[in-house]
Amino acid sequence: MDFAPVLDGFGVVLEPVNLLYCLIGVVIGMLVGVLPGLGPAATIAILLPITFGIEPVTAIIMLAGIFYGAQYGGTITSVLLRLPGEASSVVTVFDGYALARQGRAGTALGIAAIGSFVGGTVSIVALTLVAPLVAGFALDFGPPEYTALALLGILLVATVSGGSRLKAVVAACVGLLLATVGRDTFTGAERFTFDNLNLADGLDFVPIAMGLFGLGEILYNLEERHRTVHAPATVANVWPSRTDLRQASGAIGRGSVLGFFLGILPGGGATISSLAAYALEKRRSKTPERFGKGAVEGVAAPETANNAAATSSFIPLLTLGIPANGTMAVIFGALLIQGVAVGPQLVSQEPELFWGVVNSMYIDNILLLIMSIPLVGLFVRILRVRPAILAPVTVMITLIGVYTVNNSVFDIVLVIVFGALGYVMKKLGFEPGPLVLAFVLGSLLEDSLRRSLRIFEGDPTGFLTRPISGTLLVLFVLVALLPAFQALRHRRRATAHDAAAATDDKELV
Amino acid sequence: MTTINRARRWATAGTGLALTLSLAACGGNVGGGGSDAAEYPDGPVTILVGADPGGSTDLIARAAAEGMSDELGVAVNVENRPGANGALSLQELAGEEPDGQTLAVFNGSLAYITPFAVAEGEAVSIEDYEVVSGLSLDDYVLVTAPDSGFATVEDLAAAGRPITFGTTGVGTGSQLSQELLFNQAGIEATSVPFDGGAPTLTAVLGGQVDVGSIQLGEAIEQIEAGELTPIVTFAEERPTYLPDTPTAIEAGYDVPVQQSRALVAPQGTPAEVVDRLNEALDATFETEAYQQFNEDNQLTPWEVDGAQVTEEYTSNLQDYRAVVEEYGIDLGAEQ
Chain B
1 MDFAPVLDGF
11 GVVLEPVNLL
21 YCLIGVVIGM
31 LVGVLPGLGP
41 AATIAILLPI
51 TFGIEPVTAI
61 IMLAGIFYGA
71 QYGGTITSVL
81 LRLPGEASSV
91 VTVFDGYALA
101 RQGRAGTALG
111 IAAIGSFVGG
121 TVSIVALTLV
131 APLVAGFALD
141 FGPPEYTALA
151 LLGILLVATV
161 SGGSRLKAVV
171 AACVGLLLAT
181 VGRDTFTGAE
191 RFTFDNLNLA
201 DGLDFVPIAM
211 GLFGLGEILY
221 NLEERHRTVH
231 APATVANVWP
241 SRTDLRQASG
251 AIGRGSVLGF
261 FLGILPGGGA
271 TISSLAAYAL
281 EKRRSKTPER
291 FGKGAVEGVA
301 APETANNAAA
311 TSSFIPLLTL
321 GIPANGTMAV
331 IFGALLIQGV
341 AVGPQLVSQE
351 PELFWGVVNS
361 MYIDNILLLI
371 MSIPLVGLFV
381 RILRVRPAIL
391 APVTVMITLI
401 GVYTVNNSVF
411 DIVLVIVFGA
421 LGYVMKKLGF
431 EPGPLVLAFV
441 LGSLLEDSLR
451 RSLRIFEGDP
461 TGFLTRPISG
471 TLLVLFVLVA
481 LLPAFQALRH
491 RRRATAHDAA
501 AATDDKELV
Chain U
510 MTTINRARRW
520 ATAGTGLALT
530 LSLAACGGNV
540 GGGGSDAAEY
550 PDGPVTILVG
560 ADPGGSTDLI
570 ARAAAEGMSD
580 ELGVAVNVEN
590 RPGANGALSL
600 QELAGEEPDG
610 QTLAVFNGSL
620 AYITPFAVAE
630 GEAVSIEDYE
640 VVSGLSLDDY
650 VLVTAPDSGF
660 ATVEDLAAAG
670 RPITFGTTGV
680 GTGSQLSQEL
690 LFNQAGIEAT
700 SVPFDGGAPT
710 LTAVLGGQVD
720 VGSIQLGEAI
730 EQIEAGELTP
740 IVTFAEERPT
750 YLPDTPTAIE
760 AGYDVPVQQS
770 RALVAPQGTP
780 AEVVDRLNEA
790 LDATFETEAY
800 QQFNEDNQLT
810 PWEVDGAQVT
820 EEYTSNLQDY
830 RAVVEEYGID
840 LGAEQ
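Residue numbers (the numbering used here), protein chains in the order written: chain B, 1 to 509; chain U, 510 to 844.
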């Protein structure tokens, strides 16, 4: 491959403005990571309006920094307070907090930071090698391929993400329905606009994301966080000992690889990979009973994997234009607003943006390593800010922010409506992620499907005759049927067991 | 009161925290509102653009705004209000005070092509606006990927199968030009609408559709690089930027379709304000920077006065209505 654009990308990152936004991004990310509740998707959604005034590459570098920083920051509260700052740090609680209670909080944080750094860096190198390969197929991606890809993306998100599968599918369907609002781009017919000009172009992505992720989360957390927060354990001696490092090295290596691959999958991402990495280490370990009681690997594996996955989840977004999770959906929205056409052509048409963003992740990792090890004490102090102060300020920023996007009061109303919806959804156990993703992919799905059918002259078998769309659709069917298969196998095994039991009974009789 | 509102809107139009930066950047023009005899302009002027930033309409508006700002001595801001092919921004303009502080770029296709695609109440008429001046013309070119083996309209007719053509959207010149051409040439063809020029271009490059009609400025790089074969242009005369490609008229089909753009103000804007704007525009047209901009973007200057714009748009609408009816073309609900 040609490395010149990769090197040019470093030139982009090293511009002072980009370095500055890189730093701003990781600091904000670290902060929201430390604060339990506000996740990276919410933060990026709230900060979307700020990005409009700056260059696309700078904006995305900052947003990527926030995403990254949150992965590092989430660890701190998991270890010190037993309160995971991020969903992807939930498993870190088990061994991290146990280590903290043994007075080894510093070791846990140090190992987590080093693991995160290695996982992230390995993943960027892999991304650099893989992304152009995918982009090589750019022109082969026509409407039928996008149809299949969008279908697969929505299905994976709905089925793989945490929580109830049925609820995720319901949320995704609502998202698809919301995507149909507005003028039909094929016939010019008005759909669900109720003669309101504000709806003629459909619902805007920004207020939906800011409402569901931002306002909804704030409201929900306000209710959750009335319980008192314990004083954090003291942190000393962040540099892990050589024994600890040796013990963790295997977990870090496996976590990097596992995280990278799980992150690529739509619907995968940081949370699942951290769970998988923890499970893998526990299964491989000769002494699984140490897990949950302060095993260094139990911190290293999930933290490495969640950072590797955070990086590789950029691959489907930047090479195919398909966001793999909620946070990527918000970044996708930011790119669209900036007028950047995200898709297979991005690498060749906007090499500076692509490589600028990818290479900025190296800087993010270095900055975060510095902030996590020597400066960790500073971030621990932030835990003392009371939610009663934080929440109203964030709500204010959210509402002012959304107004400045289009100078539209209608958008403020939308944020409040979707904020209320997001709160109710969380209360009832629905994740907003699948809704937002399906909303983003909904119009792509509809438009591509209709375009494809016109190209095929109305013959749906055309999807199967094209290699890429055919393969994707087979994958779609497999993923859709997987739960049914598992249930069937489960039942068959159960019946076999019953039958065997019955025979035994007979013999006994 | 309106002044206060406008000033406040302008102030928030920037963006959250970046506001301070942008204010500092264009601060030179802010307070300099003209308090001369004409009392126009009274504070910053806003040009609404019904398309996303970065597209040709947006670039044209920005190039014109830059020159006008120098002439008028106030900031001229371009605000993007994408939606409904630009109809949304014009509807918004119609609701503004007719004082020349808010203007919009009018895409000709909205006046003489879109009415065939949308419901009657949604169409925009040029007669509802005060036209300041014409700006420029943009040509459509019919392109195909080199390995499709097509080079002329006859090749398409002899394909022996229905062909597919990409359009940049419903109710656009891209769609009308191809519908007219294929109907006149008796070629069986299916339209596949995309969202604008770039996706259409990609679809043609990748062979997803057989041909596509794209604005010249968006296709010229690929044509010069040999990645796209131009078949015909839909201009009245061969555009200077593509001298070796025949026009559809030369190829024997009467389908002149061009995109044109004009600067408009709300109806009822005082004549002296329109004159002042015209002066500023004329001076802009003279600048080397603006002329270079046209050349760089393959735009043909069309700097005619308001009356002529209205007249041409109206006669275009009638001409197209006649041919559309003759061939029974329905741009909208043809699904």
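Yeah, the Cβ is synthetic: ideal placement off N, Cα and C, and Gly gets one too. Just so it is clear, the structure is predicted and the values come from calculations on it, not from any experiment.
Run the CB neighbour count on residue i, radius 10 Å, all protein chains shown included, and call it buried at 16 or more, exposed below.
i      : result
B/K506 : The pLDDT assigned to B/K506 is 42, lower than 50, so where the model puts this residue is not dependable, and the model offers no usable value.
B/M396 : exposed
U/L530 : Confidence is the limiting factor: at U/L530 the pLDDT is only 41, short of 50, which leaves the residue's position unreliable, though a coordinate-based value still follows. Label assigned to U/L530: exposed.
B/R101 : exposed
B/R493 : exposed
U/T749 : exposed
B/T461 : exposed
What residue does the beta strand (DSSP E) around residue i start on, and which one ends it?
i      : result
U/L651 : 638-653
U/E834 : Segment 815-836 is the alpha helix (DSSP H) holding U/E834; no beta strand (DSSP E) there.
U/L873 : The structure shown has nothing for residue 873 of chain U, since chain U only spans 510 to 844.
U/L557 : 554-558
U/N586 : 585-589
U/T699 : 698-702
U/T611 : 611-616
U/P739 : 738-742
U/Q724 : 720-724
U/F674 : 672-676
Starting from residue i, trace the alpha helix (DSSP H) both ways and give me its first and last residue.
i      : result
B/R283 : 270-284
B/L343 : In the sequence on display, residue 343 of chain B carries Gly and not Leu. Looking at the DSSP string, B/G343 is not in any alpha helix (DSSP H), and its letter there is neither H nor E.
B/I264 : 242-264
B/V513 : Residue 513 of chain B lies beyond the range of chain B shown here (1 to 509); nothing can be said about it.
B/S452 : 432-455
U/S683 : 682-693
B/N306 : 296-312
B/D8   : 4-13
B/F67  : 56-81
U/L581 : 565-581
Report the option in the options whose CA atom is closest to the CA atom of residue i.
i      : options                        : result
B/T243 : B/T193, B/F194, B/G53, B/V296  : B/V296
B/V79  : B/A308, B/Y423, B/L109, B/L482 : B/L109
U/D719 : U/T673, U/R747, U/P739         : U/T673
B/L199 : B/P387, B/V358, B/G73, B/D411  : B/D411
B/G214 : B/L245, B/L378, B/V32, B/G65   : B/V32
B/G120 : B/N307, B/I416, B/V436         : B/N307
U/L599 : U/G715, U/G559, U/T749         : U/G559
B/R183 : B/L320, B/C173, B/F194, B/V174 : B/F194
B/I373 : B/D95, B/A113, B/P56           : B/A113
B/I50  : B/L318, B/A480, B/L335         : B/L335
B/V358 : B/L127, B/Q71, B/G103, B/Y21   : B/L127
B/G259 : B/V376, B/G115, B/M371, B/R284 : B/G115
Given this structure, state the Cα-to-Cα distance separating residue i from residue j, to the nearest angstrom.
i      : j      : result
U/A666 : B/E217 : 59 Å
B/L7   : B/S312 : 20 Å
B/Y423 : B/L219 : 6 Å
U/W811 : B/F10  : 44 Å
B/K282 : B/G253 : 15 Å
U/E580 : U/F794 : 11 Å
U/Q776 : U/N787 : 16 Å
B/R489 : B/V91  : 29 Å
B/F261 : B/S89  : 18 Å
B/L139 : B/L133 : 13 Å
U/G540 : U/L597 : Because U/G540 sits at a pLDDT of 37, beneath the cut-off of 50, its placement in the model cannot be relied upon, and the point is left open.
U/E601 : U/N589 : 12 Å
What do you reckon, is the C-beta of residue i under 8 Å from a heavy atom of the ligand GTP?
i      : result
B/R290 : Of ligands this structure carries none, so the ligand GTP is not represented either.
If the cut-off is 8 Å on Cβ atoms, which residues from the region 308-328 of chain B count as contacting chain U, listed in chain order? none
Taking only beta carbons into account, state which residues of the region 715-739 of chain U come closer than 9 Å to chain B, listed in chain order. G715, G716, Q717, V718
Tell me which residues of the region 439-464 of chain B have at least one Cβ-Cβ distance to chain U shorter than 7 Å, keeping chain order. R451, R454, I455, E457
Could you run through the region 644-672 of chain U and flag, in chain order, every residue whose CB is less than 8 Å away from some CB of chain B? P671
For the region 119-143 of chain B, which residues have a CB atom closer than 9 Å to at least one CB atom of chain U, in sequence order? A138, L139, D140, F141, G142, P143
Which residues of the region 167-186 of chain B have a Cβ closer than 8 Å to any Cβ of chain U? Give them in chain order. R183, T185, F186
If contact means a Cβ-Cβ distance below 7 Å, which residues of the region 341-355 of chain B contact chain U? A341, Q345
Interface residues of the region 200-224 of chain B facing chain U [CB-CB below 8 Å]: A200, D201
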